[in-house]
Amino acid sequence: MPIDGATQIKIDSTQQYARSSRFAFLGVPQSELLAQALQVEFENGYLPPIDIIEPDEQAFEDWLQIQNVLAAGDMERVNVFVGDNAVEQFYKSFHFDLGAAIQSTVIHNDRWGDTYPEIETAEFSHAITLREKKKQTLFVKQKEIYDESYFSKLKNRYEGFFAGRNRLKVAGITSRYSTVMQYSMEKLAAAFKRADCDFDIITERDRSSMEIDTWTPLAECQYDMAIVINHLRQEYRDRINPNVPYVCWIQDHMPTLWTEDAGRNVSDHDVVMTTSPWLLKQYYQYPPEQVVEISQYTDHHLFHCEPVDDARREQFACDLSFVSHGSKTPEELARDLSDGNETLHKYFQRYISVAQHVLDSKGYIGISETFNIMLTVERGLGIPNCDPAIRCDEFYPAIQRINDRLMRHAMLRWAVQIASRNQLTLRIYGRGWDKNQEFCDYAAGEVNNGDDLRCVFQSSRINLQAHGSDSFHHRLLDCYASGGLMLSMFNPWDFVPSYQRTVADRIAAGTVGTMDEILQTGRNDDIGDVIEDMAQLDIHELHNDGEARRSAYAVCEKMGLALQGKSYDDQYYFQLLKDMNHVPQKCAGEMRHYRQTVFCGEKQLEHKIQLFRNDEATRSRIINGMRQEILAHHTYDVLTETICRAVYEHIVV
18 MPIDGATQIK IDSTQQYARS SRFAFLGVPQ SELLAQALQV EFENGYLPPI DIIEPDEQAF
78 EDWLQIQNVL AAGDMERVNV FVGDNAVEQF YKSFHFDLGA AIQSTVIHND RWGDTYPEIE
138 TAEFSHAITL REKKKQTLFV KQKEIYDESY FSKLKNRYEG FFAGRNRLKV AGITSRYSTV
198 MQYSMEKLAA AFKRADCDFD IITERDRSSM EIDTWTPLAE CQYDMAIVIN HLRQEYRDRI
258 NPNVPYVCWI QDHMPTLWTE DAGRNVSDHD VVMTTSPWLL KQYYQYPPEQ VVEISQYTDH
318 HLFHCEPVDD ARREQFACDL SFVSHGSKTP EELARDLSDG NETLHKYFQR YISVAQHVLD
378 SKGYIGISET FNIMLTVERG LGIPNCDPAI RCDEFYPAIQ RINDRLMRHA MLRWAVQIAS
438 RNQLTLRIYG RGWDKNQEFC DYAAGEVNNG DDLRCVFQSS RINLQAHGSD SFHHRLLDCY
498 ASGGLMLSMF NPWDFVPSYQ RTVADRIAAG TVGTMDEILQ TGRNDDIGDV IEDMAQLDIH
558 ELHNDGEARR SAYAVCEKMG LALQGKSYDD QYYFQLLKDM NHVPQKCAGE MRHYRQTVFC
618 GEKQLEHKIQ LFRNDEATRS RIINGMRQEI LAHHTYDVLT ETICRAVYEH IVV
């Protein structure tokens with residue numbers, strides 16, 4: 018895509034160039050233009066590579082002497098091809114680097130009427146074809162390494178590992194462009210190494226690489242298993258040999274995972290690890306023998322509770338802290354999610370407007386509120402008969418992200434007001450808060466995962482948390498493992514599963530059979546009393562009328578159940594409750610002392626802050642109790658043992 022007069026073009030990172038995966042300069046660039054190109058960075062951290070293709074070596078040498086852009090020396094991002102074979106070397110670079118992005122923007126630099134090289138479409142296509150052939154060659158080589166004899170030896174290797182006679186070799190495949198996934202894989206790697214295993218993290222080569230090269234390492238080394246977060250084997254079927262034991266660790270509700278096609282493609286050499294196994298097996302055709310239930314985890318070696326030294330404590334000390342990269346406003350997020358679709362943008366804007374009122378009045382946005390607001394918005398936009406499958410699969414994931422942002426920013430508004438009234442210090446850590454006009458005064462910059470984050474948790478008098486789905490999150494576990502205290506914004510999903518399981522068990526046992534008896538169960542059981550006492554969720558509202566009863570179905574729709582054609586009646590609801598064993602077997606509300614740390618609205622938050630700031634005995638009791646439970650059940654060491662046993666029992670044997 019040659020661009021005439023490119024020397025006059027301003028590179029705007031918010032416009033077309035932000036969508037480019039690679040710049041190619043034909044001829045040495047002007048310093049101003051190069052500097053503008055170097056400023057382009059994707060929100061996820063990807064840096065589009067910049068190729069300089071210059072056949073005139075003298076012109077390039079002169080350019081080196083006069084260019085004043087220091088970042089041009091960053092050879093991770095700037096690739097230079099000089100001399101008579103500059104264009105040919107540019108082509109070959111794609112053959113050797115299997116993770117390279119393909120150039121998408123070619124910029125001619127006018128230089129006093131000189132002639133320039135051209136990127137020939139045919140030649141460039143040939144270079145890409147050679148790269149694809151190289152991938153195929155490496156994949157064929159994998160067949161030689163992972164043949165039938167390899168698989169027959171796995172039993173001895175795993176049994177030798179359990180007996181302490183040999184080490185397992187593990188490949189962890191993850192993207193550097195997801196902070197959570199990257200840190201999760203790093204912590205898992207550390208746990209496997211503590212278990213005396215070799216663990217290689219396979220990711221993009223650098224921040225300017227677009228694709229993970231899995232072909233090369235698996236063709237050069239024999240691994241005993243591959244672990245991938247949020248991606249099934251079918252997405253890697255042309256790059257990972259089918260004999261390699263494959264572990265898919267599901268962390269997020271991704272559309273590609275919640276389909277019958279995904280379930281049917283799980284092989285007997287796969288293990289799928291999830292917090293919701295019943296759902297995948299019952300509704301999406303995942304083979305029961307390949308699905309294993311897991312929980313949430315922390316690295317208690319990284320997030321330990323040894324006292325922070327005085328200098329570090331002084332560096333991070335504050336009354337209130339919050340850690341998140343979600344600095345963009347809900348409106349900005351809505352614009353990003355709509356991706357130029359005006360109808361979708363209006364949908365998100367109307368949702369934010371209505372949801373903000375609900376949040377202000379109730380202090381939270383639950384599942385039933387979410388779907389009621391979505392229905393209201395659909396009616397307002399003239400789409401009253403939206404297909405439930407579309408609502409669930411296409412609208413709901415984006416709405417959940419917007420809910421999450423609304424709740425976090427609402428909590429921060431409360432925290433700002435409370436800090437102002439009580440002369441408290443508030444620090445907000447993460448990317449981009451200095452650009453948020455509402456919270457920039459409290460921006461504390463990014464904090465490194467690991468010891469810096471541990472210091473934040475321990476040095477902050479109170480840490481804050483808010484999540485749009487549920488609060489049983491690794492950050493909650495990291496905080497308590499570090500010896501910190503965290504207050505969490507109320508979310509019904511942290512408590513409802515316990516109530517639902519109680520009712521489901523009693524229906525199955527035949528001890529309740531009418532709606533009145535279910536209501537009585539809610540009144541008498543501890544979980545029902547707790548929720549009512551907190552004045553945060555009226556359990557009885559789930560059953561009182563047809564409109565509110567949709568809450569129960571919304572819970573199921575959140576989990577991905579198709580409701581199209583289902584009738585909203587008590588009989589259907591009873592059946593749902595009987596099947597309620599698909600809810601996670603662990604939620605935040607069931608953790609020791611968690612209920613004491615939940616707040617709903619600004620008034621409760623202020624009350625909890627005052628209480629825990631001044632009551633050291635209660636602080637210590639909650640922190641120690643939560644930490645003991647976490648160390649027993651929710652560490653990466655526990656997860657490592659679970660994975661090894663699951664692969665051995667479900668694949669090897």
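Per the working numbering, the very first residue in the sequence shown carries number 18; after that it's consecutive.
Positions of the beta carbon are idealized from the N, C-alpha and C atoms, including for glycine.
Given the structure is predicted, the values throughout are model-derived calculations rather than measurements.
- Per DSSP, the beta-bridge partners of His-125 are Leu-43.
- Bounds of the beta strand (DSSP E) holding Gln-482 are 477-482.
- In this chain, the alpha helix (DSSP H) harbouring Met-424 covers 413-439.
- Taking Thr-276 as the centre and dropping the five residues before and after it, the same chain places the C-beta of Tyr-301 closer than 8 Å to its C-beta, in chain order.
- Just so you know, the alpha carbons of Thr-528 and Met-608 end up roughly 27 Å apart.
- The alpha helix (DSSP H) runs of length 4 or more contained entirely in the region 146-175 do not exist; there are none.
- Taken atom to atom, the span from the alpha-carbon of Val-464 to that of His-484 is near 19 Å.
- Between the C-alpha atoms of Asn-173 and Gly-380 there is a straight-line separation of about 56 Å.
- If you draw a straight line from the Cα of Gly-357 to the Cα of Asn-631, it comes to about 50 Å.
- Counting C-beta pairs with one atom in each stretch, the region 641-652 and the region 314-322 have three or more that are closer than 8 Å, which means they touch.
- Excluding the 5 residues flanking it on each side, Phe-77 has same chain C-beta neighbours closer than 7 Å at Val-45, Glu-71 and Val-99, in chain order.
- Inter-segment contact for the region 493-507 and the region 343-359 is absent: fewer than three beta-carbon pairs are separated by less than 8 Å.
- With fewer than 16 other Cβ atoms inside 10 Å of its own Cβ, Arg-254 counts as exposed.
- Counting only residues of its own chain and dropping the five nearest sequence neighbours on each side, Glu-331 has no CB closer than 7 Å to any other CB.
- Counting every other CB atom within 10 Å of its CB across the protein chains shown gives Arg-662 a total below 16, marking it as exposed.
- Annotated three-state conformation of Arg-182 is coil, per DSSP.
- Spanning the alpha carbons of Met-242 and Asp-269 requires a straight line of approximately 22 Å.
- Closest option to Ile-246, judged by alpha-carbon separation, among Ser-195, Phe-339, Pro-259 and Val-283: Ser-195.
- Look at Val-97 here: in three-state DSSP terms it is strand.
- Taking a 10 Å sphere around the C-beta of Lys-160, we find fewer than 16 other C-beta atoms and assign the residue as exposed.
- In the structure shown, Cys-496 falls within a helical segment according to DSSP collapsed to helix, strand and coil.
- Beta-bridge analysis with DSSP links Phe-489 to no other residue.
- For Thr-346, no beta strand (DSSP E) segment is defined, and its DSSP state is neither H nor E.
- The beta carbons of Tyr-446 and Ala-432 sit no closer together than 8 Å.
- In this structure, His-426 places its C-beta atom within 8 Å of the C-beta atom of Pro-347.
- The three-state reading of DSSP puts Val-187 in strand, counting E and B together.
- Less than 8 Å divides the Cβ of Ser-338 from the Cβ of Ser-477.
- For a cut-off of 8 Å, the C-beta gap from Gln-106 to Asp-68 is around 10 Å, too long to register as a contact.
- As DSSP reads the structure, Thr-652 sits in a beta bridge with Thr-315.
- By DSSP's assignment, Arg-444 forms a beta bridge with Ser-338.
- For Phe-107, the uninterrupted alpha helix (DSSP H) run begins and ends at 103-113, by DSSP.
- Between Thr-291 and Glu-306, the C-beta spacing is not below 8 Å.
- In this structure Val-288 is in contact with Val-264, their Cβ atoms being roughly 5 Å apart against a cut-off of 8 Å.
- Comparing alpha carbon positions, the residue from Val-664, Val-473 and Phe-616 closest to Asp-326 is Val-473.
- If the five residues before and after Ser-341 are omitted, its C-beta is found closer than 7 Å to the C-beta atoms of Arg-425 and Gly-447, all from its own chain and listed in chain order.
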